[in-house]
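Notes follow once the structure below has been shown.
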Amino acid sequence: MGRVFTASIIGCGSRGATIYGNKMFHKPERFKLVSLCDIDTVVLNRYSKEWNVAKENCFTDENEFFKEKRSDILVIATQDRDHVRMCNRALELGYEILMEKPISPLKSELEELLETHKKYPRNVVVCHVLRYSPAFVKIKELLDSKVIGDLKLIEWAEQVEWWHQAHSFVRGNWRREDETSPMIMQKCCHDFDLMQYYVGSKCEQVFSQGELTFFNEKNKPEGSADRCFECKFRDTCTYSAEKIYIDLWHKMGCPKDEWPFNVLYKEYPLTEEKIREAYKNNQYGRCAFKCDNDVVDYQQCLLKFENGVSISHTMTAFTEQMGRKITFHGTLGEIKFDDANKTLSVCVFGKDKVVYDVTELIRQFASDGFGHGGGDTVLINTLCDMIENGAKAETTLEASVESHLMALAAEESRKTGKIVKIHE
Numbered sequence: 265m266g267r268v269f270t271a272s273i274i275g276c277g278s279r280g281a282t283i284y285g286n287k288m289f290h291k292p293e294r295f296k297l298v299s300l301c302d303i304d305t306v307v308l309n310r311y312s313k314e315w316n317v318a319k320e321n322c323f324t325d326e327n328e329f330f331k332e333k334r335s336d337i338l339v340i341a342t343q344d345r346d347h348v349r350m351c352n353r354a355l356e357l358g359y360e361i362l363m364e365k366p367i368s369p370l371k372s373e374l375e376e377l378l379e380t381h382k383k384y385p386r387n388v389v390v391c392h393v394l395r396y397s398p399a400f401v402k403i404k405e406l407l408d409s410k411v412i413g414d415l416k417l418i419e420w421a422e423q424v425e426w427w428h429q430a431h432s433f434v435r436g437n438w439r440r441e442d443e444t445s446p447m448i449m450q451k452c453c454h455d456f457d458l459m460q461y462y463v464g465s466k467c468e469q470v471f472s473q474g475e476l477t478f479f480n481e482k483n484k485p486e487g488s489a490d491r492c493f494e495c496k497f498r499d500t501c502t503y504s505a506e507k508i509y510i511d512l513w514h515k516m517g518c519p520k521d522e523w524p525f526n527v528l529y530k531e532y533p534l535t536e537e538k539i540r541e542a543y544k545n546n547q548y549g550r551c552a553f554k555c556d557n558d559v560v561d562y563q564q565c566l567l568k569f570e571n572g573v574s575i576s577h578t579m580t581a582f583t584e585q586m587g588r589k590i591t592f593h594g595t596l597g598e599i600k601f602d603d604a605n606k607t608l609s610v611c612v613f614g615k616d617k618v619v620y621d622v623t624e625l626i627r628q629f630a631s632d633g634f635g636h637g638g639g640d641t642v643l644i645n646t647l648c649d650m651i652e653n654g655a656k657a658e659t660t661l662e663a664s665v666e667s668h669l670m671a672l673a674a675e676e677s678r679k680t681g682k683i684v685k686i687h688e
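Numbering (this note's numbering), first residue to last: 265 to 688.
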């Protein structure tokens, strides 16, 4: 079975605690959570109690937390602009590191972290979890088998979903570029990471355009209030917090502790009353047309790779469902993936279509969890295998930086209207 690794988490939010922390806690044969750090005392108290982490090993101050190495593994799941600072300190202390994406929206910080990693060559795995998801891995196997011949073109759509845009990128923590990162990086660095994984080549150049077109004061309903709870459109506006959170909570079967509701209210268990009370007073109850958001609600990119493959990529808030739709065009056929409808099909020209059940693929390879199509579970297991057996991770620090350079180039192109070459 292997050794038991001690683990610490800095940033005990929806990803750090709800996903990685809980998965580690429920794998006692592999992990023991021993230390936590978060600025929110409510969160710290909750997980200290749930995971049996001693109070003296729970910190609200990162400087105090980083005074010494506290475990074998450190999960860094804080905000985008905290990652490099914290990862530098963790490398110096000798941690094996699992770090949330994106690494940083600043090219200078990416370069700085690569230099630190050369000096302290520990395992750093970036959480591009889709590379570990069984369906996305299957796509890679199909492409490498040449079942559709030589890959020529990919049509790629990232469907954010209408309410997810309002929750995370209008009202939520990722609404402002200066506090986190550009939308194309924070939401689509998964996509850019997968692109280089599938194409097997570096991106040469990118052209991009996109705007914040809808979630602004120009589109607010006439006579609307600043907060949904006080608004006369509370029960009729599509983007009302009442309709999004209360209606969605009931539609999902009133979960007691599940995203996005656990972001609204930190104490367990959730109830309708707690959710409503939370959005009445916090950032998630603001009018979606009167927030301080500045990230785009759609963006399109045209990418050309060094081996000649081209990709058209669209990220849009205005979709009914969440997830990716991707069509791979090869010289002998097509591969079509529909994330929301859990289908993966191979259409070899002149032959019958072959359809894979994505849900079944997940059950086969990640039976204890469906997060990110099973990728969260496989990622945790991969980290253990790297430390113990020297296994290779798909999302090393060096490999992940390339996707960030692509995203930064796309944002530069969007702002300048010019084609941007990535490696010059």
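C-beta atoms are modelled at their ideal positions from N, C-alpha and C, and glycine is treated no differently.
Please read these numbers as outputs of a predicted model, since none were measured by experiment.
Here the C-alpha atom of V307 lies approximately 11 Å from the C-alpha atom of F323. Within the model, the alpha-carbon separation for G572 versus Y462 is close to 13 Å. K685 places its beta carbon 8 Å or farther from that of E570.
For G597, the three-state secondary structure derived from DSSP is strand.
Across the structure, T623 and K331 are spaced so that their CA atoms are roughly 44 Å apart. DSSP places E379 within a helical segment (H, G or I) once states are collapsed to three. For D621, the enclosing beta strand (DSSP E) begins and ends at V618 to D621.
Q429 is classed as buried because its beta carbon has at least 16 other beta carbons within 10 Å across all chains shown. As summarised for the region 388 to 426, the continuous beta strand (DSSP E) elements at least 3 residues long and confined to that stretch are 388 to 390 and 415 to 423, given in chain order. When secondary structure is reduced to three states using DSSP, S472 falls in the strand class. In this structure, F433 sits away from A671, with a CB-CB distance that is not shorter than 8 Å.
Look at R334 here: in three-state DSSP terms it is coil, with no helix or strand label. Residue pairing by DSSP places M586 in no beta bridge whatsoever. A Cβ-Cβ distance of about 15 Å is found for the pair N316 and R334, leaving them out of contact under the 8 Å criterion. Per DSSP, reduced to three states, the secondary structure at T659 is coil, with no helix or strand assignment.
In this structure, DSSP gives F295 an extended state, which the three-state scheme calls strand. Judged by DSSP secondary structure, S312 falls within the alpha helix (DSSP H) whose first and last residues are T305 to E314.
The shortest C-alpha to C-alpha distance from R678 to any of L370, R353, D511 and Y562 is the one to Y562. Nearest C-alpha to R267 among K682, A399 and N645: N645. Counting other Cβ atoms within 10 Å of its Cβ, A318 stays below 16 and is therefore classed as exposed. If you draw a straight line from the Cα of G275 to the Cα of H431, it comes to about 20 Å. Contact check for V470 against L394 fails: the beta carbons are separated by 8 Å or more. In this structure M516 is exposed. Its beta-carbon is surrounded by fewer than 16 other beta-carbon atoms within 10 angstroms. If you check the CB distance, Y543 and A505 come in under 8 Å. Assigned with DSSP and collapsed to three states, C467 falls in strand.
Looking only at L374, V560 and S278, the smallest Cα-Cα distance to G474 is reached by V560. For the options E688, E662, A673 and C492, the alpha carbon positioned closest to that of P385 is the one of E662.
Residue environment analysis places H392 among the buried positions, since at least 16 neighbouring C-beta atoms fall within 10 angstroms of its C-beta. Segment contact: the region 376 to 383 against the region 523 to 538, fewer than three CB-CB distances shorter than 8 Å; contact not assigned. Secondary structure of H577 (DSSP, three-state): strand. Looking at S574, M350, A421 and W426, the one whose alpha-carbon comes closest to that of H593 is S574. Counted as a single uninterrupted DSSP element, the alpha helix (DSSP H) harbouring Q450 occupies residues M447 to Q450. If you compare the alpha carbons of W523, D344, Y503 and D621 with that of N480, the shortest gap goes to Y503.
Note: S272 is bridge-paired with S299 and L338 in the DSSP secondary-structure output. D408 and N387 have their C-alpha atoms spaced approximately 27 Å apart. With a contact defined as Cβ atoms closer than 8 Å, I651 and F269 qualify at about 7 Å.
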